[in-house]
Structures are given as structure tokens and as C-alpha cells.
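A short write-up of the structure that comes next.
Numbering (this note's numbering), first residue to last: 10 to 153.
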């Protein structure tokens, strides 16, 4: 059993807020619940990326793992974009991975017309949605 946090762990990206988050995660861990987190836009404030990378398991903002049933991908969309490097790596991983996939990200790829709450780059968004459709992605879970 595990839990997923979809970002905005902090309000202001402060190290003290990350430490408070980890205290909460320690309580979950004591109950046998491991937590995987994605980076949110609020987590970037006040150089929060550094604290996220230092304090939040698994200490990176783009990662994945596999089980016998699914592959789980955690994507860094906190700035509103994946960027070319992450997009290329994600595409490479998805193509090689035959498992059904679950994707977790903070900023939604689509928000039913509420553009402020979704990825702003329509080309990147369309490429991402197309990539998911072609590579056995079963669900896209977003925060924000």
C-alpha cells in the first residue's frame, strides 16, 4: 500500500514547510504507508526546489517504478511545462514499457477550458496526451 501526493506540499516553498510535511509522512510510514510525491508550483517558491530535492523522497521530481501489474510515472510539471529533456525521456521510457501505466503530475494537461489551471503550451499538451494514448496509459492523475 502506498499514497501519492500530487504537489503543493508547501504554501511558500520554505524548508520548514517541507520538514512539517516529512513529519506527517513519518506518521504514515509508521502505519505502513509509503508516500510518493510530485513537485507542485507552490513548492518552487523561495528556491523550494532545493529543499524538495533534499528532503522529499525519492529526492527527485521525475521518476517511475514498476510492479507486476502497473508502471507508475511521476512527472515534474510544477513550472507548467515538462520541457524538452523531460518530455524526450518520458517518451523513451513509455515506448519501452509494455505495462499499463498510471501517470501522476501536478499541473493538469487539460482543465476543461480553465487555462490557468492547465499546461499553457498547447503543442506540448497535445503531444503529451497523444503520447499517453499511444502507450497504454490507463489514468492521468493531477493535482493543482
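The beta-carbon is built from N, C-alpha and C at its ideal position, and this holds for glycine as well.
Note that the coordinates shown come from a computational prediction; the quantities given were computed from them, not determined experimentally.
Around the Cβ of residue 67, a 10 Å sphere holds fewer than 16 other Cβ atoms; the residue is exposed. For residue 44, the uninterrupted beta strand (DSSP E) run begins and ends at 43–46, by DSSP. Only residues of its own chain outside the window of five on either side were considered, and among them 110, 112 have a CB closer than 7 Å to the CB of residue 146, listed in chain order.
In this structure, 114 is the residue among 114, 42, 105, 103 with its C-alpha nearest to the C-alpha of residue 91. The shortest C-alpha to C-alpha distance from residue 42 to any of 14, 140, 81 is the one to 14.
Among the bridge pairs identified by DSSP, residue 13 is matched with 45. Here residue 51 is buried, its C-beta having at least 16 other C-beta atoms within 10 Å.
For the pair residue 53 and residue 27, the CB atoms are not nearer than the 8 Å cut-off. Between residue 21 and residue 62, the CB-CB gap reaches or exceeds 8 Å. Annotation for residue 131: the continuous alpha helix (DSSP H) segment containing it runs 131–143.
At a cut-off of 3 residues, the continuous stretches assigned as beta strand (DSSP E) that sit fully inside the region 79–124 are 80–83, 110–114. By the Cβ-count criterion, residue 19 is buried, with 16 or more other Cβ atoms from all chains shown falling within 10 Å of its own Cβ. Residue 137 holds the alpha-carbon nearest to the alpha-carbon of residue 93 among 118, 57, 137, 75. DSSP links residue 146 through a beta bridge to 110. Take the alpha-carbon of residue 40 and the one of residue 132: they are about 43 Å apart.
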